[in-house]
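Numbering (this note's numbering), first residue to last: 773 to 892.
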């Protein structure tokens, strides 16, 4: 899901189908972490940080197209095919397997919006 590669090749590739990602800016994650660290009632709890608005990789491709003026598409692959693409791109097999598996998680609705609960 690297932006420079998508701009160069005209496509994002992944295995997310129409799963939604809840990405946030580093500043948002830092603020959420500060709230957790500075509040005693949150001690010992685990939070999965994510943004309010989720997007599919097809929506990401459309937005990158709009902002860059280049035609960018999302090519959805099976988990195995995506793992192979990552391996052929030079990633170690274990890392490629981890990333391919992680890409399938949003389609199983395993992402949250906890960050909004912490910082608004």
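Virtual Cβ for every residue (Gly too), placed ideally from N, Cα, C.
Collapsed DSSP secondary structure at residue i in the structure displayed
i	result
residue 790	coil
residue 819	coil
residue 783	strand
residue 873	helix
residue 807	helix
residue 777	helix
Whether residue i touches residue j by CB criterion (8 Å)
i	j	result
residue 940	residue 854	In the structure as shown, the chain begins at 773 and stops at 892. Residue 940 is therefore absent and cannot be evaluated.
residue 830	residue 792	no
residue 779	residue 842	yes
residue 828	residue 873	no
Cβ distance (whole Å) where residue i is taken to contact residue j below 8 Å
i	j	result
residue 788	residue 876	7 Å
residue 845	residue 833	6 Å
Residues bridged to residue i [DSSP beta-bridge criterion]
i	result
residue 848	786
Problem set entry | Touching by the beta-carbon criterion (3+ pairs, under 8 Å), the stretch 837-852 and the stretch 814-827 | no
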